[in-house]
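Asks: Questions regarding the structure given below will be posed in turn.
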Amino acid sequence: EASIIGLGVNVVSDKEVLFSKGFGFSDKASGIQVTPDTIFRVASVSKIINLVVVMKLVEEGKLNLDTDISKYLPELKLQTRFEKSKPITIRSILTHHSGLPSERLKGFFAQDKTDSLEKLVSDVNGEYVSYPPEKLFSYSNLGHSILGRIVEKVANDTHANVVTQKVLEPLGMNHSFYEINANKKLDFSKGYGGLIFRSVVKEAKVRDLPAGFLNSSANDLSKFIQMFLNNGKVGNTTFFY
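Going by our numbering, 1666 is the number at position 171 of the sequence shown; the sequence numbering is gapless.
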C-alpha cells in the first residue's frame, strides 16, 4: 500500500498544461480530495524562486552576482582556515560553491519572531566556512537563507513581500505564499507523518523560508515552469527578456 496520502500532478509544455490532476486526499479524515490548486509546502523548489528574485534584483542593478557579499552584509564576518581563498559571492551561493556550511540548525524551527533571517546572520557571524569558496560543490540551505537576508536589505522589505511582489504576483501564482492565511487555509493540504504516513502532523514554523518553505500548488508551479520554457513569457506577461 502506498504511503503517499495525496499529490497534485501537472505536465506542461511552453504554451499549455497538457495534464492536470489531483490524486488522493488533502484531508483524509474529512474526505477532501487533492486538486491541482491544493497547496503543499514545496521544500527546496523554494530555492529556485529565491534564485529568480535575486536575478530580478540583479536586473534592476541592486545586486551584482560577483561582488563579495560583505558589501551587502558588512555585519557578517566569517572566518576561514584557508589561505588566499576567494570571497563568497552571490553567484557562488546560487551554484552551491560558497564554502558555507550546509545548515544552521539552532533556531531553524522558529519559536517566535526573534528567529528571523536578520538574527540568523547575527548568529552565524564569526563562524568558519567549511571549504574555500568556489572550490567544490556543497549544497547549502544556509547560503540561500543568507541570500534571503541580502534580498531584504537591498529591497528594504521582508523576503516574503519581495518574492510576492516581484515573482508570485506578476506570474499570477495566487496560491503561493510563505505564511498560511485564513483565505487559503482550506486549500492547504494537511501534513502526514509517522512510520506509514497516516498521522496528521502540525506544520512547523521555520526560520529559513528562502531555502525551503514556500507553499504552492501544481497549477502555480506550472506557470513558473512555463515562464522558463517560453523565453520568460506566461500568457500575456513578459517576466524577463
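For glycine and all other residues, C-beta sits at the position ideal for the given N, C-alpha and C.
Whose C-alpha, out of PHE1719, SER1711, TYR1623 and GLY1602, is nearest the C-alpha of PRO1596?
Replies: The residue labelled residue 1596 in the question sits at position 101 within the sequence shown. The shortest C-alpha separation from PRO1596 is found at TYR1623.
Asks: Would you mind working out which of PRO1627, ASN1710, VAL1512 and SER1541 sits nearest GLN1574, comparing C-alpha positions?
Replies: For this step, residue 1574 is matched to residue 79 along the sequence shown. It is PRO1627 whose Cα lies nearest to the Cα of GLN1574.
Asks: Alpha carbon to alpha carbon, how far is THR1530 from ALA1713? Give it in angstroms, no decimals.
Replies: Residue 1713 sits at position 218 when you count from the first residue of the sequence shown. Residue 1530 sits at position 35 when you count from the first residue of the sequence shown. ALA1713 and THR1530: Cα-Cα distance of roughly 9 Å.
Asks: Put LYS1516 into one of helix, strand or coil per three-state DSSP.
Replies: Residue 1516 sits at position 21 when you count from the first residue of the sequence shown. Of the three classes helix, strand and coil, the one that applies to LYS1516 here is strand, per DSSP.
Asks: Taking its Cβ as the centre, do 16 or more other Cβ atoms sit within 10 Å of LEU1571, making it buried, or is it exposed?
Replies: Taking the sequence shown and counting its residues from 1, one reaches residue 1571 at position 76. Under this definition LEU1571 is a buried residue.
Asks: Which term fits ASN1545, buried or exposed, when burial requires 16 or more other beta carbons within 10 angstroms of its beta carbon?
Replies: Within the sequence shown, numbered from 1, the residue matching residue 1545 stands at position 50. Buried, because 16 or more other Cβ atoms sit within 10 Å of the Cβ of ASN1545.
Asks: Do you know whose CA, among LEU1558, SER1617, VAL1695 and TYR1634, lies nearest ALA1524's CA?
Replies: Against the sequence shown, residue 1524 aligns to sequence position 29. Checking every option, the nearest Cα to that of ALA1524 belongs to VAL1695.
Asks: Where ASN1726 and THR1732 are concerned, what is the direct C-alpha to C-alpha distance, given to the nearest angstrom?
Replies: Reading the sequence shown from its first residue, position 231 is the one you call residue 1726. Reading the sequence shown from its first residue, position 237 is the one you call residue 1732. Each residue's Cα considered, the two are about 11 Å apart.
Asks: Determine the burial state of VAL1568: buried for a count of at least 16 other Cβ atoms within 10 Å of its Cβ, exposed for fewer.
Replies: Reading the sequence shown from its first residue, position 73 is the one you call residue 1568. For clarity, residue 1568 is Leu in the given sequence; the question names Val instead. LEU1568 is buried by the Cβ-count criterion.
Asks: Residue range of the beta strand (DSSP E) that SER1694 falls in?
Replies: Taking the sequence shown and counting its residues from 1, the one referred to as residue 1694 is at position 199. Where SER1694 is concerned, the enclosing beta strand (DSSP E) starts and stops at 1694-1696.
Asks: Below 8 Å on the Cβ atoms is my contact criterion, and I expect LYS1585 with LEU1615 to pass it. Report the Cβ-Cβ distance as a whole number of Å.
Replies: Working through the sequence shown from its first residue, we reach residue 1585 at position 90. Working through the sequence shown from its first residue, we reach residue 1615 at position 120. Note that residue 1585 is Ile in the sequence shown here, rather than Lys. Actually they do not touch by this definition, with Cβ atoms about 17 Å apart.
Asks: Kindly provide the ranges of any alpha helix (DSSP H) runs that are 4 or more residues long and lie completely inside the segment 1525-1583, ordered along the chain.
Replies: 1540-1554
Asks: Where do the ends of the beta strand (DSSP E) carrying VAL1701 lie?
Replies: Your numbering for residue 1701 matches position 206 in the sequence shown. Counting along the chain, VAL1701 falls outside any beta strand (DSSP E), and DSSP gives it neither H nor E.
Asks: Three-state secondary structure (DSSP) at SER1611?
Replies: By one-based count along the sequence shown, residue 1611 stands at place 116. SER1611: coil per DSSP, three-state reduction.
Asks: Starting from ASN1505, follow the alpha helix (DSSP H) in both directions and report where the run begins and ends.
Replies: In the sequence shown, the residue the question calls residue 1505 occupies position 10. Residue range 1501-1507 is occupied by the beta strand (DSSP E) that includes ASN1505, with no alpha helix (DSSP H) assigned at that position.
Asks: Could you have a look at PHE1734 and say whether DSSP puts it in helix, strand or coil?
Replies: For the purposes of this step, residue 1734 is taken as residue 239 along the sequence shown, with counting starting at 1. Here PHE1734 sits in coil by DSSP.
Asks: How many Å lie between PRO1665 and ASN1656 at the Cα?
Replies: Your numbering for residue 1665 matches position 170 in the sequence shown. Your numbering for residue 1656 matches position 161 in the sequence shown. So the two alpha carbons sit approximately 13 Å from each other.
Asks: Just to confirm before moving on: does the CB-CB distance between SER1541 and THR1533 stay below 7 Å?
Replies: Here residue 1541 corresponds to residue number 46 of the sequence shown, with the count starting at 1. Here residue 1533 corresponds to residue number 38 of the sequence shown, with the count starting at 1. No, these two residues do not count as a Cβ contact at 7 Å.
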